[in-house]
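Enquirer: In the working numbering, the protein residues as written are 1193 to 1331. From the three backbone atoms N, C-alpha and C, an ideal C-beta is built for every residue, glycine too. Can you keep this structure in mind? I'll have questions shortly.
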Amino acid sequence: AAYCVDIIPIVAVVVTIAHQVGEFDSVLANHFHDRRNFAEGVKFLIAQKIISEASFLVYILYASFMESSRYQATVGKLLFRMKVINAVGGRPTLKNASARNWAKLFSWCVLCLGFLAIAFSKTKQGWHDRLSNTDVIAQ
1193 AAYCVDIIPI VAVVVTIAHQ VGEFDSVLAN HFHDRRNFAE GVKFLIAQKI ISEASFLVYI
1253 LYASFMESSR YQATVGKLLF RMKVINAVGG RPTLKNASAR NWAKLFSWCV LCLGFLAIAF
1313 SKTKQGWHDR LSNTDVIAQ
């Protein structure tokens, strides 16, 4: 839930930028005008992938800086009264927080098992937390 709070405005900003600087409007219009046009469909899928990847990159940067800040949390985590700590219970460094967020790719890529591990592990840590020696706790 905290991720949704964080990612929705990020995607909105990335899409807005794509509309302003790219040809996203015409790609979108052409795709919905003639869905049987293979070339336009490919252009649409490429544009969609670029927006998805750009949004995730912005999220990684945002989350890394926020989790290593004095707040130790993204806005979503703050709303749910959670924070990220390092192995000794303190504030994560930017390196720890960056490692944690990049490791989310690994947690996600393996059928999201790295996130499912949170529900089934005794420590309630995902693979990304174990790899980066961090934890998420309630405030």
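State yes or no: is the C-beta of residue 1198 within less than 8 Å of the C-beta of residue 1266?
Expert: It is a contact, given that the beta carbons lie within the stated cut-off.
Enquirer: Residue range of the beta strand (DSSP E) that residue 1326 falls in?
Expert: Taken as a continuous stretch (DSSP letters only), the beta strand (DSSP E) holding residue 1326 covers 1326-1330.
Enquirer: Quick check: the Cα distance between residue 1286 and residue 1205, rounded to an integer number of angstroms?
Expert: Cα to Cα, residue 1286 sits roughly 24 Å from residue 1205.
Enquirer: Going straight from the alpha carbon of residue 1258 to that of residue 1216, what length do you get?
Expert: Cα-Cα distance, rounded: 30 Å.
Enquirer: Helix, strand or coil for residue 1203, going by three-state DSSP, please let me know.
Expert: Helix at residue 1203.
Enquirer: Bridge partners for residue 1275 per DSSP, in chain order?
Expert: Looking at the DSSP assignment, residue 1275 forms a beta bridge with 1329.
Enquirer: What residue does the alpha helix (DSSP H) around residue 1217 start on, and which one ends it?
Expert: Counting along the chain, the alpha helix (DSSP H) containing residue 1217 begins and ends at 1216-1225.
Enquirer: Report yes or no: do three or more beta-carbon pairs, one from the stretch 1288-1297 and one from the stretch 1322-1329, lie closer than 8 Å?
Expert: They touch, by the three-pair rule.
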